[in-house]
Amino acid sequence: ATSVLSSIVFPVSGLTYIWNPQNTTVNITVIPQGFYNLSTLKLNKRDTVTAYLRNTSSPFSIVDSAKAVIDAITFTGSFYFKYCSAGTYYIEIKHRNSIETWSSSGVVINGGGVTNYNFTTAASKAYGNNMILKGTKYCIYSGDVNQDGVIDGTDFLLVDNDILTGATGYLTTDLDGHNIVDGSDGLIVDNNSSSYIIVLTP
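Per the working numbering, residue 165 is the first one in the sequence shown, and the count goes up by one each step.
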């Protein structure tokens with residue numbers, strides 16, 4: 165018998181079908197604080213973000229994950245999840261030098277279809293209101309350089325060391341996305357460490 169990939173519910177007889185459900189698309193709008201330029205109202209750099217779908221009951225297990233590039237103008241990335249079914253999930257966002265941020269509550273995900281979630285419209289879109297207002301947009305906090313869930317002196321030290329050496333390139337210590345680590349990056353991490361920004365999760 166011939167085997168074909170299919171998402172047809174009632175297959176034609178005489179063929180062996182391998183169930184191949186459609187990807188679930190979640191369009192997520194999110195802004196890393198340091199990358200958002202108030203002069204241009206764009207991001208200084210497009211960058212990759214990882215999104216996790218988590219169960220809404222303890223221990224909030226990861227059901228699926230996907231990566232996407234956040235557009236510099238729309239602040240949106242299309243995340244394609246392969247394994248999740250329709251349901252309600254927390255959306256967890258991770259970016260290489262920002263604090264991990266969760267959706268404020270479970271989001272209804274349209275399995276095999278398209279769902280939109282916009283973190284930037286209100287602090288209440290993030291769990292624990294864990295975002296910062298920059299201009300008119302709510303942004304995830306920049307400065308968790310070592311990704312340990314807290315913006316503190318350790319992160320500042322990493323940024324400060326790269327400021328002293330004039331480090332350039334695609335670096336986690338480059339908090340504003342200008343490809344150079346300088347005083348503006350130090351100011352971001354210093355302000356957020358002073359506010360003791362930590363991951364807030366259910």
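We put the CB at the ideal spot given by N, CA and C, even for glycine.
- Contact check between the region 253-260 and the region 195-215: three or more CB pairs, one atom from each, fall below 8 Å, which counts as touching.
- In the three-state DSSP reduction, S222 falls in the coil class, being neither helix nor strand.
- Membership of T240 in the beta strand (DSSP E) is indicated by the continuous run 240-245.
- C-alpha of L322 to C-alpha of Y253: approximately 34 Å in a straight line.
- Checking the DSSP bridge columns, you'll see P196 partnered with I304.
- As computed with DSSP, K206 is found in a beta bridge with N201.
- Per DSSP, the beta bridge partners of I255 are L217.
- Taking 8 Å as the upper bound for CB-CB distance, I263 and I361 are in contact here, some 6 Å apart.
- Here the C-alpha atom of I296 lies approximately 5 Å from the C-alpha atom of C303.
- Taking a cut-off of 8 Å on C-beta distances, the region 230-242 touches the region 198-212, as three or more cross pairs fall below it.
- According to DSSP, I296 shares a beta bridge with C303.
- When rounded, the separation of the alpha-carbon atoms in S359 and G350 is 14 Å.
- When only Cα atoms are considered, Y334 and D324 end up about 16 Å apart.
- Taking the Cα of N187 as reference, the smallest distance to any Cα among N294, D346, I327, S242 is reached at S242.
- The Cβ-Cβ distance between G307 and D319 falls below 8 Å.
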